[in-house]
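In the working numbering, the protein residues as written are 4 to 97.
Structure, as structure tokens:
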Amino acid sequence: MLYYTDAHQILEKYEEYLEENGIFIISVWIHPKTKELWEWINTVYINIDSFELQNHQTNNRWYIGTFKPKTKEMKKNKKLTLDSPIPRLSGVQQ
4 MLYYTDAHQI
14 LEKYEEYLEE
24 NGIFIISVWI
34 HPKTKELWEW
44 INTVYINIDS
54 FELQNHQTNN
64 RWYIGTFKPK
74 TKEMKKNKKL
84 TLDSPIPRLS
94 GVQQ
């Protein structure tokens, strides 16, 4: 997931193409600008599993996770849904 894209729009678009038990595999480069994005994804989707990967030569790190959409019933009962705004990422034009 590119932190400077409209993650809400992208995920909503591709959620339509998931089969009934389909999942997203999302990778986000760990950077101060992406922390809010990763937290938002974890709030709006069900995190099946996730981990942190590090390149030991460059020290670059990534969050990688598998997520499934919440059911319509779950979305109704939660404050944050796909319709919730994504937190603005500081220093990024949207």
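All C-beta atoms in this analysis are idealised placements derived from N, C-alpha and C, irrespective of residue type, glycine included.
- In this structure G25 is exposed. Its beta-carbon is surrounded by fewer than 16 other beta-carbon atoms within 10 angstroms.
- In the DSSP secondary-structure assignment, D52 is bridged to T69.
- Distance from the Cα of N58 is smallest, within the candidate group E39, V47, I33 and T37, for I33.
- Between the alpha carbons of I13 and Q60 lies a gap of roughly 32 Å.
- Going by DSSP, I44 is part of the alpha helix (DSSP H) stretching over K38 to V47.
- Per the C-alpha coordinates, the member of N50, E55 and T46 positioned closest to N63 is E55.
- In this chain, I26 is not harboured by any beta strand (DSSP E), its DSSP state being neither H nor E.
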